[in-house]
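See below for the structure under consideration.
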Amino acid sequence: MQVQSLAGAFANPAVDAAHAFRSAMNAMAKPGQVFSLKGATPPAPMSAAAGCLLLTLCDAETPLYLAGELDSQVIRDWITFHTSAPIVAAKQAVFALGTWDDLAPITQFAIGTSEYPDRSTTLIVESDALSPNGATLRGPGIKDTASLSLPEVRTFQQNAALFPLGLDFYFTSGTQVAALPRTTKVNI
Amino acid sequence: MSNYNFAYLDEQTKRMIRRAILKGLAIPGYQVPFASREMPMPYGWGTGGVQVTAATLTPEDRLKVIDQGADDTTNAVSIRKFFEATAGIATTEATQQACIIQTRHRIPEADLREDQILVYQVPIPEPLRFLEPRETETRKMHSLEEYGLMHVKLYEDISQHGAIATSYAYPVKVEGRYVMDPSPIPKFDNPKLEMAAIQLFGAGREQRIYALPPYTKVVSLDFEDYPFVPTKADHTCDMCDAADSYLDEVILDDQGNRMFVCSDTDYCAGRQQAGYVGALGTAIAEDVA
Amino acid sequence: MYVAVKGGERAIENAHAWLAEERRGDCSVTELSVPQIREQLSLAVNRVMVEGSLYDPDLAALAIKQSRGDLIEAIFLIRAYRTTLPRFGSSEPIKTEDMACDRRISATFKDAPGGQVLGPTFDYTHRLLDFKLAAEGADVPAAAVAKPRTDPIPHITEFLNTEGLIQTEIPCDETPPDLTREPMELPTSRELRLQALARGDEGFVLGMAYSTQRGYGRNHAFVGELRIGTVAVEMEIPELGFSIEIGEITLTECDTVNQFTGSKTEPPQFTRGYGLVFGQSERKSISMALVDRALRWKELGEDNLGAAAQDEEFVLSHCDNIQATGFLEHIKLPHYVDFQSELELVRKLRRDAAHPPKCRRLQNEQL
């Protein structure tokens, strides 16, 4: 295991995770707004924000899927050492991490069941810089409308149509995070 | 209590609760099962709310805890002291200054802001529980959006009493999908469920967490010709003269004399400070700045 | 003039101070020590350990002292403490066939290899208050000592097994889920039912078991075996690559042999119930086995007679006495806001009944 894998976690786990969760919760509760997420320095190319999400939310009980360049030995070691999250295939994952292109097709992820819609994957989408413009968003957490630089629109419309089933998304870039729960109605 | 982790719970428990909160926000009104832990206070006394607050607190937060709308009821005092001891956070009675408000059975009168979080203590999260005791059945009903039992109950109330006979824990429909129990708040508080703050609901003994993001559509169940009315006692506050706040009835003597006082102690105190005086109140002498 | 009741914090502090005094009682009476409770109230200690789901006689004794003898309050203390403990791993399944038995009886056979060993039981005592115990300091005469039996004491149900007369339990190497780490999901598995029953309230499980004997669930149970003694607890240490013994615990294990079942294709076989608890806790282990058996009706192809003990959701939702007492006692908390709502509603309904509002035509409601 390389030295890289041992470093880069929260300096003060309880406090840093509390701050990180506040941002993560605000993001999921207020789709379209961009929040700051820092404290972790995971191995490249994982963003600090994605690293914070993994440290705050993942552990031995949350199987994780890594896509594309995010699936490297260095990153696997970092995740194992700091979270013990088992790395699994897409359809067993509780969390999935990758770029939008590498995570496709997102139909490979669990969308929950009618009795347990919460048992769906949360995708962490590594993105280019996030900004509050682009697609128009409406729904819970949004007063009137919001906007977010989503990678596309159609897939999110299809996801929203599955409600109450569906995937939930985080978008991460550097130390920025935004989220799109399945309740958000997206338009161009 | 410095031997305990920040806010008492271990990190693994917090992660489990946090994941449940996030799914709850993504599926408003749906009860997410979570592995509630045994806490140092009894089940039924707010362990769900305490676990949600513990998983949500940051060291910079200012916490307010109320029970029946009051900061000084014994259980609110006990829970506030628990967090002072295990999290070292600042506490406050002022609604406007609180980051997180943990509440039992009331929503504060003052409008809450986008930067605030309201955590409800929930005894029985399942709105259908007293119509159908079996969890195996109620889970199916929610999955099929089959709420006939509830509508029949409301209709029977009207047939028997001429009105819907539910005065608290009045069921609501969230974003047109899940029927939800808003916790035993008086129905007077139901309209406030559409608010700018994040609302989190914790039921420890029943092992469920649910949530409402800001501005979520929450509609109290009713019929077209028997519309929902958020009623309260037909009085004003005898201390601060408020006409729009929920009132406690206080028995004054053996003859049955009574007075009505705002249940929300901070709201009432604030109005009194601002110079409002009710029928039985006394004006507060103004401080010379 | 009305002054809002304040001073909740001071009231709580004073209440706790008075509680501490009541706990101590009359100071001219010697204070109870934790070792005294551990040694001389060991059956209370056993109950607190098993329902607290934590094997530590000293902690259980301390909890009993702190709770002034209220065992459910003591169990609560242990449960809350247990939640804070770090978990290093799981033990190997314990081997009760290797138990060093202090007590071992069977109701199904007059004798069997290993013998009928009465052990330290109340069973045949005459329930007459022994006033000699009121005096202290009397020497307890030593019980007779014999050479310990060293032959193995195989499980009685295994003898029935060799003839194929009793259903075989299907062995499974998967680690069972942990009821205290995952929310209960219904319908549930036998492993989780047994976990819930083991830590369930003794009185509740006893009542449920008794009901099955009186026709609420049609089952005659025989105690195939009851054994009490110590077993080794082993754990595999990953760094070592093999298991080591980390300690010994005392357990009570009960195998019941129940009504046989059979069908057109299956020959009749006896069925089984199982109970396992910490320490010497016979009533609980037997009760557990009876209720376990009653809850197996579905997998055994029996009829649901509608008996409470057959209702998995009913039994498992209500057997945890910490949940039960918490919710029961919470009704002491202020509920005046909701009561106010009810007051207003009742007043209004009575007003409307006395002076009904104009009739309203019910239009088509959406039902």
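Residue numbers (our numbering), protein chains in the order written: chain A, 1274 to 1461; chain B, 3 to 291; chain C, 6 to 372.
Built from N, CA and C at the ideal position, the CB exists for glycine as well.
Please read these numbers as outputs of a predicted model, since none were measured by experiment.
Short of 7 Å from the beta carbon of B/Gly48, and not among the five residues preceding or following it, lie these beta carbons of its own chain, in chain order: Asn77, Ile81, Arg106, Gln123. For A/Val1450, no Cβ of chain B is located within less than 9 Å of the residue's own Cβ. Listed along chain B are Thr76, each with a C-beta nearer than 7 Å to that of C/Ala16. For C/Glu174, the secondary structure class from DSSP, reduced to helix, strand or coil, is coil.
For the options C/Pro118, C/Thr257, C/Phe127, C/Arg84, the alpha carbon positioned closest to that of C/Leu184 is the one of C/Arg84. In its chain, beyond the 5 residues on either side, Ala244, Ala245, Gly280 have a beta carbon closer than 7 Å to the beta carbon of B/Thr238. Of all residues in the region 34-45 of chain B, only Pro35, Phe36, Ala37, Ser38, Arg39, Glu40, Met41, Pro42, Pro44, Tyr45 come within less than 8 Å of chain C when Cβ atoms are compared, listed by chain position.
Look at C/Ala49 here: in three-state DSSP terms it is helix.
As computed with DSSP, B/Ser222 is found in a beta bridge with B/Val174. C-alpha of A/Arg1392 to C-alpha of B/Phe36: approximately 12 Å in a straight line.
At a cut-off of 9 Å between C-beta atoms, A/Cys1331 counts as an interface residue with respect to chain B.
When the beta-carbon positions are compared, B/Ser222 and B/Asn259 stay at least 9 Å from each other.
Chain order gives the chain A residues near B/Gln14 as Asp1332, Ala1333, Glu1334, where near means a beta carbon separation below 9 Å. Around A/Ser1400, the same chain offers Phe1444, Ser1446 as residues with beta carbons nearer than 6 Å, after the five sequence neighbours per side are excluded. A residue is called buried when at least 16 other Cβ atoms come within 10 angstroms of its Cβ; C/Phe265 does not meet this threshold and is exposed. Distance check between A/Leu1337 and each of A/Ala1282, A/Gln1430, A/Phe1436, A/Ala1366 places A/Ala1366 closest, using alpha-carbon atoms only. Leaving aside the five residues that flank C/Leu305 on each side, the residues in its chain whose CB is nearer than 7 Å to its CB run, in chain order, Thr266, Thr276. The contact set of A/Val1398 on chain B, defined by CB atoms closer than 7 Å, is empty, because the minimum CB distance reaches about 15 Å.
In chain order, Leu120, Leu214 place their CB closer than 6 Å to the CB of B/Gln201, counting only its own chain and leaving out the 5 sequence neighbours on each side. Taking C-alpha positions only, C/Thr330 is separated from B/Lys16 by approximately 25 Å. Per DSSP, C/Arg301 lies in no alpha helix (DSSP H) segment and is marked neither H nor E. Under the three-state reduction of DSSP output, C/Thr276 falls in the strand class. Of all alpha-carbon atoms in A/Arg1295, A/Pro1405, A/Val1288, the one lying nearest the alpha-carbon of B/Phe8 is that of A/Val1288.
Per DSSP, A/Cys1325 is one residue of the alpha helix (DSSP H) stretching across 1321-1330. The beta-carbon separation of B/Val174 and B/Val231, rounded to 14 Å, does not stay under the 8 Å limit for a contact. In the DSSP annotation of this structure, the continuous segment of the beta strand (DSSP E) that includes A/Tyr1338 starts and ends at 1337-1339.
Rounded to whole angstroms, A/Ser1420 and A/Gly1407 show a C-alpha spacing of 6 Å.
Taking C-beta separations shorter than 6 Å and ignoring five residues to either side along the sequence, the partners of C/Leu59 in its chain run Ile83, Arg87, following chain order. The residue from B/Tyr32, B/Ile19, B/Leu24 with its alpha-carbon nearest to that of B/Lys142 is B/Tyr32. Partner residues in the beta bridge of C/Thr255, as assigned by DSSP, are C/Thr235. When Cβ-Cβ separations below 9 Å define contact, B/Pro110 makes no contact with chain C.
Counting the other CB atoms within 10 Å of its CB gives A/Leu1343 a total of 16 or more, which places it among the buried residues.
When Cβ-Cβ separations below 9 Å define contact, A/Asp1344 makes no contact with chain B.
With respect to chain C, the C-beta atom of B/Ile29 has no partner C-beta closer than 9 Å. For C/Pro272, no Cβ of chain B is located within less than 9 Å of the residue's own Cβ.
Contacts with chain B at 9 Å (Cβ-Cβ) do not include C/Ser290.
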